[in-house]
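A quick write-up on the structure given underneath.
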Amino acid sequence: MSEEAEHHKCLIIGSGPAGYTAAIYAARAAMKPLLYQGTEPGGQLMITTDVENFPGYPEGIMGPAMMEDLKKQAERFETDVRFGFVTSVDFSSSPHKVVIDEKKTITADSVIISTGASANWLGLESEMRLRDNGGGVSACAVCDGFFYKGQDVVLVGGGDSACEEASYLSKLCSKVYMIVRKDHFRASKIMQQRVLENDKIEVLFNHETREVLGDDAVKGVRLFNNVTNEEREIECTGFFVAIGHMPNTEIFKDFLELDDVGYIIHKPDSSATNVEGVFVSGDAADSVYRQAVTAAGTGCMAALDAERWLTEKGLH
Ligand code: NDP
């Protein structure tokens, strides 16, 4: 342990509903938690519009507003919320070591991982190029939909996120083409219904994206019909991708047990990982439910588990 390393009883990594809920519980249990927000402060809800299914908001609430409230609630109980990204960890001995922004080392008796998940991409060269040069490829309709006001856009995906984003875009754009690779949606019935009843959304089932057209800016897409084997082009100025997410767990892979996709494995009925004193909450461990309310619930569990573990070890 470096002499300069700052030491904490409880370190929380990530600032979505899981991280902030863990912080609220840990802070109220006098664990003086330190929370690092990560690269996307507020997590995935920062790129969501109306949250209608979080209990306690009968009229719904905007995702960013809810995250601001959660942050304020965590800070009210003196959680130390900081900007910074955990770039590496060493869970081989106690206390655990965590490096922030490749520079600063923190040691912590207990660590709660709430790093969430990140958007998946199709992986096409044209998609990546136009994403990286800001040419009109996005995985966040709420962030970028505004730029395509009154224009035609294409959105890929058939899950709840894709349906939600298509509905959102339809309020801004003149037309939304929704590209679904199978002959059916994966989304829940209510979300499907909203899309199918929206006359500004045209769903193209059995279609795959071959190329996003345009050199510096999106001009259209070249699609492939996997039933007829025919190709067609559609003109559009924005290309949105909503095909699921990957857990942000790469930095933990040398220490924690992960499943095939990369989700952190925890003990049954517990947030405890295979490493003593390291707990997990939220989408980093949840490939099934992935809801704000389930993330918040597991954040609570992780803080309670960490508190009990610290007490058992005589550290709290
Ligand atoms: P999902 O994994 O549920 O859906 C991903 C979609 O993308 C599927 O239609 C899938 O197709 C498609 N897809 C995946 N890879 C590709 C590819 N390479 N090319 C084309 N299409 C592809 O992810 P979501 O992000 O939609 O949802 C994640 C979770 O969050 C779900 O549990 C969902 O219910 C939940 N959610 C709930 C909301 C709500 O209740 N308000 C809102 C948003 C999300 P295929 O079916 O063929 O595999």
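When we follow the working numbering, the leftmost residue of the sequence shown carries the number -1, and every step to the right adds one. Every residue gets a Cβ at the ideal spot worked out from N, C-alpha and C, and that includes glycine.
Item, Value
"Cβ shell of residue 94 (< 6 angstroms), same chain only, five flanking positions each side left out", "106, 109"
"Proximity of residue 128 and residue 259 at Cβ, strictly below 8 angstroms", "no"
"Exposed unless 16 or more other CB atoms sit within 10 angstroms - verdict on residue 194", "exposed"
"Beta strand (DSSP E) segments (min. 3 residues) lying fully within the region 166 to 201", "173 to 177"
"Three CB pairs or more closer than 8 angstroms across the region 21 to 34 and the region 298 to 313", "yes"
"Ligand 1 heavy atom lying under 7 angstroms from the CB of residue 157", "yes"
"Residue 186 CB to nearest heavy atom of ligand 1 below 7 angstroms", "yes"
"Sub-8 angstroms separation of residue 153 and residue 174 beta-carbons", "yes"
"Start-to-end residues for the beta strand (DSSP E) that takes in residue 44", "Element bounds for residue 44: n/a, residue is neither H nor E."
"Touch test, the region 122 to 138 against the region 229 to 241, Cβ-Cβ under 8 angstroms, three pairs minimum", "yes"
"Buried or exposed by the 16-neighbour rule on C-beta atoms within 10 Å, applied to residue 274", "exposed"
"beta-carbon residue 154 near ligand 1 non-hydrogen atom, thresh 7 angstroms", "yes"
"Validate contact between the region 243 to 259 and the region 142 to 157 using beta carbons, cut 8 angstroms, 3 pairs", "no"
"Same chain, Cβ closer than 6 angstroms to residue 231, five either side skipped, listed in chain order", "218, 220"
"Inter-residue spacing [alpha-carbon to alpha-carbon] between residue 213 and residue 149", "19 angstroms"
"Distance CB(residue 151)-CB(residue 234) smaller than 8 angstroms", "yes"
"Cβ distance (whole Å) where residue 58 is taken to contact residue 50 below 8 angstroms", "4 angstroms"
"Sequence-distant residues of its chain with Cβ nearer than 8 angstroms to residue 3 (five each side left out)", "95, 103, 104, 105"
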